[in-house]
Structure formats: C-alpha cells, structure tokens
Amino acid sequence: MEIHVICTGVFRVNTIIVSAEKHCFVVDPAACELAGDQNVIVDYLNKKKLVCDAVVLTHSHFDHITGVHIIKKAFPKAKVAIHQAEAGELQNAPGPMGESVIRFFGALELLDAVSKQPCADIFLKEGQNLSVLNKELSFYSEWEVLHTPGHTPGSICLYNKSEKILISGDTLFAYGGYGRTDMAGGSENEIIHSLSKLKDVVSADTKVYPGHDEFGFTFG
28 MEIHVICTGV
38 FRVNTIIVSA
48 EKHCFVVDPA
58 ACELAGDQNV
68 IVDYLNKKKL
78 VCDAVVLTHS
88 HFDHITGVHI
98 IKKAFPKAKV
108 AIHQAEAGEL
118 QNAPGPMGES
128 VIRFFGALEL
138 LDAVSKQPCA
148 DIFLKEGQNL
158 SVLNKELSFY
168 SEWEVLHTPG
178 HTPGSICLYN
188 KSEKILISGD
198 TLFAYGGYGR
208 TDMAGGSENE
218 IIHSLSKLKD
228 VVSADTKVYP
238 GHDEFGFTFG
C-alpha cells in the first residue's frame with residue numbers, strides 16, 4: 028500500500044491518494060480551475076497507471092471537493108463517498124451548510140466551481156470499512172470509517188489499524204490543532220468529544236495525514 032499526498036486547490040488541501048495493486052481511492056480532491064492545478068491529480072494517476080475506484084470526502088467543505096467532478100470525468104466509474112450526515116450537501120451543491128461557509132469566507136467565486144460537483148454514490152457511517160468501494164481488493168477492508176463530528180456534522184477520519192495510518196481530514200492537525208468550529212455545522216463540544224474518541228481508538232505510533240499543512244506526524 029502507498030500513500031501519496033498532493034497539495035491542491037485554492038486553500039492548499041492535502042489531497043491523499045491511497046493505492047495498491049494498481050487501484051486507488053482519492054481523499055478530498057481539491058484541484059480546480061481557479062487554482063490552476065485542475066489536472067495535477069489525474070495526471071499523477073495516469074502517470075502511475077492507477078485506476079481510481081472512488082473519491083472519499085472527509086467532509087463537504089468547498090475547499091475539499093472542488094476536484095471531484097474532474098476525477099469523475101477521467102474515471103466515470105469512480106464512486107463518490109461521504110458520511111450520511113452530509114448526504115444533502117452534494118445534492119445540487121453547495122448545500123445550505125456549504126453555501127454558508129463559502130459566504131463566511133467571502134469566496135463567492137467558488138459557488139460556481141462547487142455547483143459542478145456530482146452527487147454522492149455511497150453514504151458512509153461509523154464503523155464501516157471501505158470494502159463498499161471495491162469488494163475484490165482486500166486493502167479496502169483495512170480502512171475503517173470513524174465518525175468525528177465537530178468541524179462539520181459528517182466529518183470522518185479513515186483509520187488503518189494494521190498499517191498504523193490515520194487520514195484525519197480537518198478533525199486533527201499537527202501539534203494538537205483541529206478544524207475550526209465557528210462556522211455553520213460546527214460544534215466545539217462535538218470536536219472535543221471526537222478528539223477524545225480518537226485518543227481511545229488510535230494507537231500512539233500511528234502516522235497522521237490531515238487535510239491541511241504538515242502530514243506524516245505521529246499521533247501520540
């Protein structure tokens with residue numbers, strides 16, 4: 028299994044590509060026309076001759092989703108997966124929460140970019156593994172969905188216990204940081220509870236790949 032990170036999009040999101048046996052899933056593809064990097068993810072996948080089975084979103088904020096339609100165009104069979112609590116945010120995107128957050132940042136130019144995103148195909152839930160993305164390849168079943176609300180109601184982390192890897196989205200950053208909770212859908216109480224949950228579940232020597240900034244640091 029290989030983890031590859033490409034920093035993409037207008038807010039420099041850590042787009043994460045998880046691959047094995049020439050198949051992969053992409054987490055939070057943010058590459059887009061506005062950032063001038065719309066082709067960087069697909070170019071990498073094609074260079075490595077990878078088949079993209081799915082796009083997994085840690086949450087539906089605009090800065091994490093602007094490249095979904097680009098991957099879907101290149102890999103039409105790729106499924107889009109998001110936690111069920113944010114299912115509505117990708118139906119006629121942006122949804123109410125998404126539009127509120129875009130306006131919060133004054134980034135109205137992104138409304139059109141976000142509106143291009145396709146609806147989700149798969150709705151994830153706590154404790155589920157990613158075999159729903161590809162039942163034939165065993166490495167998908169190693170990834171567990173951890174529902175970690177607080178930054179948004181449907182925020183998730185993806186945990187691979189055997190490989191000791193956590194993809195944390197905007198729930199957990201380096202040096203104990205975490206995603207802001209003062210926007211629509213955010214809750215300080217919930218994110219504190221989610222961080223406590225991670226401490227109970229995730230081993231201290233796990234490597235963490237968050238949605239922004241430094242990655243590959245140790246959880247403990």
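With our numbering, letter number 10 in the sequence shown gets 37, and the count goes up by one each step, no holes. Where a beta carbon is used, it is the ideal one built from N, C-alpha and C, also for glycine.
Report the residue from the options whose alpha carbon sits nearest the alpha carbon of residue i.
i    : options               : result
G196 : N119, H220, P237      : P237
G122 : S87, A101, D209, G133 : S87
H50  : K143, I194, V78       : V78
S182 : K143, L225, S165      : L225
E163 : E29, C34, E48         : E48
D64  : L157, E113, I33, P180 : I33
D55  : K191, D209, L135, G94 : G94
E136 : L61, G212, G203       : L61
S127 : M210, F242, A231      : M210
A114 : F242, D227, H31, P180 : P180
K191 : A231, A147, N73       : A231
State the DSSP-derived secondary structure class of residue i, mapped to helix, strand or coil.
i    : result
K234 : strand
D80  : strand
F52  : strand
H91  : helix
E60  : coil
V67  : helix
A108 : strand
H31  : strand
H96  : helix
Please list, in chain order, all residues of the same chain as residue i whose beta carbon is under 7 Å from its beta carbon, the five residues on each side excluded.
i    : result
D90  : G36, V37, F38, V40, A57
H96  : K143, Q144, P145
V229 : Y186, L193, F246
D240 : F200, A201
S248 : The question about residue 248 has no answer here: the residues shown for the chain are numbered 28 through 247.
S158 : Y167, S168
T208 : G177, H178, S214, E215, I218
V69  : I97, I98, A101
Once the 5 residues before and after residue i are set aside, which same chain residues still bring their CB inside 6 Å of it?
i    : result
F244 : A201, V235
V172 : L151, Q155, I183
F102 : C79
S46  : E29, L77
K75  : none
F242 : V32, N41, Y236
Might you give, ordered along the chain, the residues of its own chain that have their beta carbon closer than 8 Å to the beta carbon of residue i, omitting 5 neighbours on each side?
i    : result
K8   : Nothing about residue 8 can be read from this structure; the chain reaches only from 28 to 247.
L160 : F52, D80, A81, V83, K106, A108, I149, Y167
V66  : Residue 66 is actually Asn in this sequence, not Val. The residues are A58, I97.
I129 : F89, P121, L135, L137, L138, V141
I92  : D55, P56, A57, L84, L117, A120, V141, Q144
T153 : Sequence inspection shows Glu at residue 153; the Thr mentioned does not correspond to that position. Closer than 8 Å at Cβ, skipping near neighbours: V172, L173, H174.
Q111 : F150, L151, K152, G181
Between residue i and residue j, how many whole angstroms is the CB-CB distance? I'm expecting something under 8 Å.
i    : j    : result
T233 : I218 : About 19 Å separates the two Cβ atoms, so there is no contact after all.
T175 : S221 : 4 Å
I43  : Y71  : With a Cβ gap of about 12 Å, I43 and Y71 do not count as contacting.
M124 : G206 : In fact, because the Cβ distance is near 14 Å, the residues do not count as touching under 8 Å.
- What runs of the alpha helix (DSSP H), each 4 residues or longer, lie entirely inside the region 117-175? As far as the region 117-175 is concerned, its whole alpha helix (DSSP H) runs of at least 4 residues are 123-132, 137-142.
- alpha helix (DSSP H) runs contained entirely in the region 173-228, provided each spans 4 or more residues: Complete alpha helix (DSSP H) runs here, min 4: 215-228.
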